[in-house]
Structures are given as C-alpha cells and as structure tokens.
Amino acid sequence: MGNKIVYVKELAPLTKLFEIEVAHIAERGKAGQFIILRVNDEGERIPLTIANRNPAKGTITLVFQEVGKTTEMLGLLDVGDEIHDLAGPLGKATEIPSGKTVVCVGGGIGNAVVWPQVQALKAAGNKVIAILGARTKELLILEEEITALADVTIITTDDGSYGRKGMVTHALVDLIEEGEKIDEVITIGPVVMMKFVCKATEPYGIPTQASLNPLMVDGTGMCGACRVTVDGKTRFACVEGPEFNGHLVDFDELITRLAYYQPEEKSSLEAYHRCHMDETTDNPEHGE
Amino acid sequence: MNDTPKKPKKVLNKSKVKIPMREQDPKNRIMNFDEVPLGYNADEAHQEALRCIDCKNKPCVAGCPVGIDIPAFLTLVGQKDFEGALKKIKEKNFLPAICGRVCPQEDQCEMVCTLNKPNKGREPGGIGRVERFLGDYAVEHNLDIMPDIAPPTGKTVAVIGSGPAGLTAASDMIQKGHDVTVFEALHKPGGVLFYGIPQFRLPKEILLREISGLEKMGVKFVMNYPVGKAESLDSIRERFDVVFIATGAGLPWFLGIPGENLNGVYSANEFLTRVNLMGGYKFPDGSDTPVKKIKRIAVIGAGNTAMDSARTAKRLRPEVVYLVYRRSRLEMPARVEEIHHAEQEGIDFNLLHSPIEIIDDGKGAVGAILCQEMELGEPDDSGRRRPVPIEGKVREFAVDTVVIAIGQGPNPLLSADCPELERDDRKGTIVINDLMQTSFENVFAGGDIVTGGATVILAMGQGRVAADAMHRYLMTGDPSDPEGEHI
Ligand SMILES: Cc1cc2nc3c(=O)[nH]c(=O)nc-3n(C[C@H](O)[C@H](O)[C@H](O)COP(=O)(O)OP(=O)(O)OC[C@H]3O[C@@H](n4cnc5c(N)ncnc54)[C@H](O)[C@@H]3O)c2cc1C
Ligand SMILES: Cc1cc2nc3c(=O)[nH]c(=O)nc-3n(C[C@H](O)[C@H](O)[C@H](O)COP(=O)(O)OP(=O)(O)OC[C@H]3O[C@@H](n4cnc5c(N)ncnc54)[C@H](O)[C@@H]3O)c2cc1C
Ligand code: SF4
Ligand code: SF4
Ligand code: FES
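Those protein sequence lines, which keep their order, are chains A and B. Counting from 1 along the first sequence, just add 75 to a position and that's the residue number in the numbering used here. Each step along the second sequence adds one to the number in the numbering used here, with nothing skipped, and position 317 is 309.
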C-alpha cells in the first residue's frame, strides 16, 4: 500500500491536514493538481487537492473537510496508518504566469487549494494578493501559511468575527475599484462563491480561472461523471481541468450535478453512524 | 466446395446440436448478480468434445485469434485427460476461463467450424464452452499449471495497462525470462474485464485468480499509477529496456444531443464502473459508491456494452429497462448470446429509434428521452441498409435514467502527456508498424489503444504478437530479426 501518514494536524473543527509519504507524487505534482484516494476496499474514490508537497522528504499534504462518510473515515486515520489507494497527480496543473499581478480568491476549504497556487505564483515572480474567506473565524484555515507567502492577504468572514465582514467578492470588487491593476484572478471555493467571483470580474474583463470540483469516479477520463459545460461545450474536468475560464463555465449546471447523490450520501453516512454505535456495543452482526 | 470430410473419423457423439448449458432461470437471475450460464460438468464437457470430428483442415484453429490447437484439446477432453487439455490450451491462451466466457465464439472459432451448418440444423463444436469448463476445472482442482520460465535475461519490461492485452504481454514476457512490471491507473487490475464486464457474465474471482497466477510467475503489479501523470513515458522508457502500451479504449462517447448533462445521464463506463468496479450494487452496505434507485431507464446502443448496461440495470430492479437502437436487429453488434439473454430477462428492445433529446424533469434531472423513429432506406457503401427518419414520427419514453452505450475511443491519458508519440489524429489511436512498434524504438503498443474498441481475444492476440517482437528486439536490437526467437 505505502501512502503512510507521517503528520496530522487539526486546522479547524472537522478540518484536518495530513502529510503522506508518496514519493512519485511529491516529485511530480504541481499546483492545481489533485489525487484520488480510497480509504478501504469498499471505499468510494474521492478527489482531494495536493495542498503542498515536499519532494526532498517524498511527502504530499492534503487538507480536507469531513463532510461525508469517506472524509469522516479518513479523519479517523492517524500517524503511521496507510491510505488504501492513492493515485495521482491528476488533472492539469495551473498555468502560472510570470511578472503579473494575480489575485487568489479562496473560500472555506478552497484555501487549501490557494496555498500551492500562491507558492507557485510567487516562485514565478508574480505579485500575489490573497483574499481568504470563511464563514467564521474558527473555520479560517492556512492563514499563516498563505500570509507568509503573499504580498497582501485580505481576510473576510461572513459574520465579521475576524478580518473584514462580508463576502470575498466585496473585498475583490473594492480592490478593483481602488485601481489595483489586476492581470488575473484565480478562484477556488464553494461553487456559488466562484460563480459570484466570476460575475464580479466579468464587467472589468479580468481573466478569471475557476477550479471546479464536480463529482468524480475514476479521475482518468474514463467515465465522464465529471463533465462540466464550458463555453457551451462538454469538458471532462478530471483531465481537461479542474481549472477553466470562469466566465464561460455553466455554474448552475455544476451546482445541480453536485447535488444529485445527496440523499444517497446522507443515508450512507447515517448508516455508517448507526453501525459505529453498534460496534461499541459489540454487536457481532455488525462486525464490519 | 464440400468441406465435410468424405470419410469422417469415427464420430463419437453424433448429436447435431451442442450439449445444452445449464443457466440460471431468468426469473431468478434478474434478482442477483451471480453468473448466468452455469457451465458444463465433466460429463457434459466430455460429451461435447466428442462431437468434434477432428476434421482435416481444422478451420477452427485459424478462426481463433491466438491459434489454439482446438482439435488437440478437444481430443484430450474426449479422452478425459482434462489436465492435458488444459496444458494444450495454455500453450496459446493463459486465460481460458475468461475467453471461454466472453469470446464472441460465434464470429471466430465456432463460426468456421466444419460442423457449423445452420441450414442443416447443425451447430458447431461448443469450443468456448469446453474451454470454459477446462478453465474452471483448473480452479476447482487447484491445478496451477505453471508454464516453464526461461532463465533470467536481465532485461526489464514495463507494461502500461492491465487489460487483456497487457496481461498477455506480461505473461509471455515473464516466460521468456524478462523482468516484468505492470502499471495500472485504477485500483484494480484487469481493465474492462474488471470495470466493464459485469459479475454475472465474468465473476471477478475468476479474473483475480488468473491475475494472481501471473504474480506467482513473478510479474510485479503497480496499481494507482497512471503513466503520463504519475511518471512520464520518457522516464519509463529510460528505466525499462522495452515498454508495452495497452491502455485500452476507455474514452466514452456521448451523443451530442441536448440534455446530455442532466443528472441521471451516464456513460456506460460510468454506470458499469459504479456498479462493477466500485460494487455500487451493494450500496450502502458493502460499498460506499452510490447508485441511484432507478425506476425507468433507457440504454442507448446495441453492442456488448449496451447489453451489459441493460442487464446490469435490470438487476437493480427498476420497473422497465428500454434498449434504444437506431438501426435494426441485423446490425446489432452485441454477441448473439448476450442479445438472447437480454431478451429473456425482459429488456424492452426499441429498434430503429434514434435519440434526439433528453428532457429535463424540471429539477435538472432526466424526465424523458425523445426519439426519432427510423426505417431502413437504401443500402450504403458497406451494403447495410441505412436508417432514415420517418417524417413526423417521434416517440417519448418517460425515464429517470439514460445510459449512453454507443462506444468508446482510445484512452487519451497517456498520449496527452507525450505529444511526440505518433497518433492517428482523427481516431486518437497510437500508430504502430506491423511489428506493433510505435514511433519510439523501444515502445510497442497493442489492444484497443491501437485498434479502437475490439474484443478481449484480439487484444490478447496483439499482446502476444507484441511480446514476440519485443523479445526479438531485446535480444537482437531488431524486432523483426528471427534470430531473436531462439535466444
Ligand atoms: C478536483 C477536486 C479537488 C478537491 N479538493 C478538495 C480538498 O482539497 N479538500 C476537501 O476537503 N475537499 C476537496 N474536494 C471535495 C471532496 O472530494 C469531497 O468533499 C468528497 O468527495 C466528499 O466525500 P464524502 O464521501 O466524505 O462525502 P459525500 O458523502 O460524498 O458528500 C457529502 C456532501 O458533500 C457534497 N460533495 C460531495 N462531493 C463534492 C464535491 N466534489 N464538491 C463539493 N461538494 C461535494 C455532497 O453533495 C454532500 O452534500 C475536491 C473535489 C474535487 C473534484
Ligand atoms: C462493457 C463492455 C463489455 C464488453 N464485452 C466484451 C465481450 O463480451 N467479449 C469481448 O471479446 N470483448 C468485450 N468487450 C471489449 C473488450 O473488453 C476490450 O476489447 C478489451 O478489454 C481491450 O483490452 P485492452 O487490454 O486493450 O484494454 P482495456 O481492457 O481497456 O484495459 C486498459 C487498462 O489500461 C489502464 N490504463 C489506461 N491508461 C493508463 C495509463 N496512462 N497508465 C496506466 N494504466 C492505464 C486502464 O485503466 C485499463 O485498466 C467489452 C467492452 C466493454 C466496455
Ligand atoms: S480463445 Fe476464443 S476464439 Fe480462441 S478458441 Fe477460445 S473461444 Fe475460440
Ligand atoms: S472443432 Fe470443428 S473445425 Fe475444429 S477440428 Fe473439430 S470439427 Fe473441425
Ligand atoms: S472522473 Fe471519470 S472522466 Fe473524469
């Protein structure tokens, strides 16, 4: 198996950071790419972004939020455990310009994806402004890491518990209106947020890349589960993306497609919770 | 020409038809994912083998893409020497339990069999069925028939893709004494045999057993390793003396009609992968990959993939499974046996219907599929009568799920990462010469990635041809040098 977890840190409630030994991905992964993993032999394949990597140590970093059965089971693993299956790096790497001013707009768990982008953009000699959003202060992740790299970091929280009160889009529009010359915007976060970021930059004609997160199965271009509509054409996000020109993405379709299995995912999680309770009462019928 | 032998050898079983194979009853089998045909027992296999008249020209041998000595193994079965028969098959085909199940025998070995005289009501020798029996016999009796392995040559071989083409090349190359590593993008080996062909047609246990046989012979498997992503082809080329690309035809085609991205529209690959590879039919107990509760489903297409999708859907117990195909029965590309099974299981065939639009249920999911009714017009260049629309006749099928099973193109994952590798721009297939060599000297390719979607046994045949060429290349530097054979 390999894929040994060597470091675990809780970044926020239900949000964990894992450092994992997978030398070939540490070596070749690039900003914008992701991996697909399975927690056990009955497990679902889920995509997670490569949030950081250390080629010298042969490790990659994943940051994930526990939202369903698979991510919850992943959260139960600890240092020394191995991840059953882990494939990557998948998807296309972000196209990194040089000598430009780039604004990275992250929201929620999306900040984990912004982190490698900021690293790569800085390494290529760009001016980077990071706008990091969260619902509330305790859910904000990777602030320190990103602030240390970016030229300017702006924090927003929906409830005003930290940084600016309000949405990332407000901070972005203010920046534009203040006359900051922005060459490009990269946005990663909840689909609705990305949709509004793209809407905000469109009138100003600022090229905007959105990192899409459709449901995926194989992640190798074999199934088409990840199809998204960009400029009226169907694209497979796992091989042709996950980043696309945000002004041409059909976000509403993506939102609808993401919701399709919600009832099933919910029942699976509930069954898992029930089963877990049985386990503690040592019911042999629910041994698995 | 009358190819019936003038003086036939002593015919031991004069039955005109094959010994029937027991099957699960259609009423029961649509409630489970267990295998449908139950296979011959020793007695039935013996009786069937005795039907072969060991005719003079043995056309069956040339009809088999890997050239199994069919009369020889049938004769041995006729003498109840099952182990000997199995050895005979394994000289040419190391996956009898699989080929016996999934080969389109009726178009290959059995089609050309001398006995095959449909107009006289005579059926060919049941070659596939006996072959399957032998494959299963080996499992039941724990006969690990290990081929001889040549002394190590010190040469290394990388095989990319673990479908039938890759597995065959790996088996041949390890037998020739080379050090073989197979790289597979997914978490399970077998290619379409694992993720595509359903459990009820090819039980996974059989496949995994055959693959563990390869491991015992010393083949190394690296899963979760999409070459071109995990490592570049260039790097693999440097690390290994020779490379075989067998990445298959995994790119699903869609129809290009409105509504195709609605929820509930799947490619056959996604549908079958969810159910087979990920075990979605066991969701939520036993698998975490969800499959929707389907009420009414339409499967588009009429090949093996469409039959597999329709029959898989049926086992998820919907109210109705429609099969929608734009041509007529004559053109259906699926195996006859599969069409027959699908009919027995109550799949509702709608031929000469061409999908034109998938209609939204108002919530972003499939509500119905609209089809143009067709009729057969004038024959086209291929001599087939072309379907043409019947003016004004459209039909709506109320469904909540649509599976598109109209074929697959070559998997682009590897070639996208290596533009220097020569490809057919139109088809996307990798270009090879008649020795299966690509535009890179030490890289060979075979199977669906060079032919486009074909068959298991053709992919295996190509794996074998490539292995021979790669061996000659490794030993002499020239894939066509016959000297290489003897080293
Ligand atoms: C390219 C890519 C990169 C990603 N990177 C990260 C990452 O770095 N960190 C991280 O925490 N998550 C990331 N995700 C999302 C992650 O894959 C999902 O959260 C995960 O699959 C949920 O699995 P589950 O079984 O735990 O939850 P499920 O039971 O499958 O789902 C629980 C809930 O989450 C929703 N959901 C499921 N999949 C997604 C998805 N792809 N996007 C948004 N919502 C979803 C479901 O609708 C449901 O409401 C990424 C997704 C993609 C496509
Ligand atoms: C549903 C279905 C039913 C079928 N039924 C029949 C039948 O009954 N009889 C019959 O004869 N034929 C049938 N076929 C066709 C037959 O399965 C194929 O022709 C055959 O499997 C092709 O073999 P292959 O080895 O070329 O490729 P595949 O079987 O497609 O295997 C290719 C493998 O390569 C892997 N791969 C791809 N890219 C990479 C990469 N970059 N790095 C590493 N690995 C990679 C894939 O994940 C896959 O495992 C069917 C096909 C389908 C889809
Ligand atoms: S491998 Fe296929 S074609 Fe060859 S003998 Fe067996 S069933 Fe016939
Ligand atoms: S199987 Fe048919 S073709 Fe082959 S040797 Fe026997 S009779 Fe002849
Ligand atoms: S996830 Fe299957 S094609 Fe993209």
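Glycine included, each C-beta is placed from N, C-alpha and C at the ideal position.
In or out: Asn288 of chain A buried (at least 16 other Cβ within 10 Å) or exposed?
Asn288 of chain A should be labelled buried.
How long is the line joining the alpha carbons of Thr355 of chain A and Ala150 of chain B, rounded to whole angstroms?
Because the pLDDT of Thr355 of chain A is 42, which lies under 50, any placement of that residue in the model is unreliable, and the number read from its coordinates should be weighed accordingly. C-alpha separation (whole angstroms): 47 Å.
CB contact below 9 Å: Arg128 of chain A versus chain B:
With 9 Å as the cut-off, Arg128 of chain A does not count as an interface residue toward chain B.
The alpha helix (DSSP H) that contains Lys144 of chain A, what's its start and end?
That run of the alpha helix (DSSP H) goes 144 to 150.
Just to confirm, does Asp46 of chain B get its C-beta within under 8 Å of one of the non-hydrogen atoms of ligand 4?
Flag set: Cβ of Asp46 of chain B near ligand 4.
To which residues of the same chain is Ile339 of chain B closer than 6 Å at the C-beta, ignoring the five residues directly before and after it?
So the qualifying residues of the chain are Ala302, Val313, Leu315.
I'd like to know if Ile125 of chain A contacts chain B, where contact means its C-beta is closer than 9 Å to some C-beta of that chain.
So, not an interface residue.
Return yes when the Cβ of Lys270 of chain A is within less than 9 Å of the Cβ of Thr169 of chain A, no when it is not.
In this structure, Lys270 of chain A does not lie closer than 9 Å to Thr169 of chain A by Cβ.
Looking only at its chain, what residues have a beta carbon closer than 7 Å to the beta carbon of Pro12 of chain B, apart from the 5 residues adjacent to it on each side?
So no residue of the chain qualifies.
Rounded to the nearest angstrom, how far is the Cβ of Asp392 of chain B from that of Lys306 of chain B, given a contact under 8 Å?
In this structure Asp392 of chain B does not touch Lys306 of chain B by the C-beta definition: roughly 15 Å separates them, more than the 8 Å allowed.
Mind the definition here: the region 151 to 162 of chain B touches the region 447 to 461 of chain B only if three or more C-beta pairs lie below 8 Å; say whether that holds.
Contact between the region 151 to 162 of chain B and the region 447 to 461 of chain B is present, because at least three Cβ pairs lie under 8 Å.
May I ask you to check if the CB of Ala451 of chain B is nearer than 8 Å to at least one heavy atom of ligand 2?
Ala451 of chain B: yes, Cβ under 8 Å from ligand 2.
Can you confirm whether the region 215 to 230 of chain A touches the region 276 to 293 of chain A when touching is taken to mean that 3 or more C-beta pairs between the two stretches lie within less than 8 Å?
At 8 Å Cβ cutoff, the stretches do not touch.
Let me know if Val142 of chain A comes out buried or exposed under the rule of 16 or more other beta-carbons within 10 Å of its beta-carbon.
Looking at its Cβ environment, which holds fewer than 16 other Cβ atoms inside 10 Å, Val142 of chain A is exposed.
Listed in chain order, which residues of the region 255 to 268 of chain B have Cβ atoms closer than 8 Å to some Cβ of chain A?
Listed by position along the chain: Asn255, Gly256, Tyr258, Ser259, Asn261, Glu262, Thr265, Arg266.
The alpha helix (DSSP H) spanning Ser301 of chain B covers which residue range?
Element bounds for Ser301 of chain B: 296 to 306.
Hey, how far is the Cα of Arg415 of chain B from the Cα of Ala461 of chain B?
Inter-residue distance for Arg415 of chain B and Ala461 of chain B is about 20 Å (C-alpha atoms, whole angstroms).
Near Lys(-2) of chain B, which residues of its chain fall below 8 Å by C-beta distance, leaving aside the five closest residues on each side in sequence?
No answer about Lys(-2) of chain B holds up, because its pLDDT of 44 lies below 50 and its placement is not dependable.
Relative to the C-alpha of Leu199 of chain B, which candidate in B:Lys109, B:Leu243, B:Glu115, B:Cys91 has its C-alpha closest?
Relative to the Cα of Leu199 of chain B, the nearest Cα in the group B:Lys109, B:Leu243, B:Glu115, B:Cys91 belongs to B:Cys91.
From Val303 of chain A to Arg310 of chain A, what does the alpha carbon distance come to, in whole angstroms?
Distance between the alpha carbons of Val303 of chain A and Arg310 of chain A: 5 Å.
Nearest residue (CA-CA) to Val267 of chain A, options A:Gly182, A:Lys144, A:His99, A:Ile158
Here the closest residue by C-alpha is A:Gly182.
Roughly how far, in whole angstroms, is the beta-carbon of Ile422 of chain B from the beta-carbon of Thr430 of chain B, given that I think they are within contact range, below 8 Å?
Yes, they are in contact, since the Cβ atoms of Ile422 of chain B and Thr430 of chain B sit about 6 Å apart, within 8 Å.
According to DSSP, simplified to helix, strand and coil, what is Gly158 of chain B?
Gly158 of chain B falls in the helix class under three-state DSSP.
Of all the alpha helix (DSSP H) runs that stay within the bounds of the region 219 to 290 of chain B, which reach a length of 4 or more residues?
DSSP runs (the alpha helix (DSSP H)) wholly in the region 219 to 290 of chain B: 225 to 231, 260 to 264.
Are the region 231 to 239 of chain A and the region 255 to 264 of chain A touching by the rule of at least three beta carbon pairs closer than 8 Å?
They do not touch, by the three-pair rule.
Please list, in chain order, the chain B residues whose beta carbon lies closer than 9 Å to that of His99 of chain A.
Within 9 Å Cβ-Cβ: Tyr217, Ala222, Glu223.
According to a CB-to-CB cut-off of less than 7 Å, which residues of the region 318 to 339 of chain A neighbour chain B?
Per Cβ criterion, the list reads Glu328, Thr331, Arg332, Tyr335, Tyr336, Glu339.
Are the C-beta of Asp249 of chain A and some C-beta of chain B separated by less than 9 Å?
Answer no: the Cβ-Cβ gap between Asp249 of chain A and chain B never drops below 9 Å.
Residues of chain A with CB under 7 Å from Ser279 of chain B, in chain order?
Those are Glu117, listed as they occur along chain A.
Taking only three categories from DSSP, how would you classify Met269 of chain A?
Met269 of chain A carries a helical assignment under DSSP once its states are collapsed to helix, strand and coil.
Quick one: grab the DSSP three-state call for Pro474 of chain B.
In the structure shown, Pro474 of chain B sits in a helix (DSSP, three-state: H, G or I).
Enclosing beta strand (DSSP E) for Gln140 of chain A [first to last residue]
That run of the beta strand (DSSP E) goes 134 to 140.
Given a cut-off of 9 Å, decide if Pro139 of chain B and Phe86 of chain B are closer than it, judged by their beta-carbon atoms.
In contact: Phe86 of chain B and Pro139 of chain B (Cβ atoms closer than 9 Å).
Following the continuous alpha helix (DSSP H) through Tyr465 of chain B, name the residue where it begins and the one where it ends.
Note, Tyr465 of chain B: alpha helix (DSSP H), 448 to 468.
Phe93 of chain A, DSSP secondary structure in three states
Secondary structure at Phe93 of chain A: strand, using DSSP grouped into helix, strand and coil.
Rounding to the nearest angstrom, what Cα-Cα distance links Ser259 of chain B and Ile45 of chain B in this structure?
Their Cα atoms are separated by approximately 45 Å.
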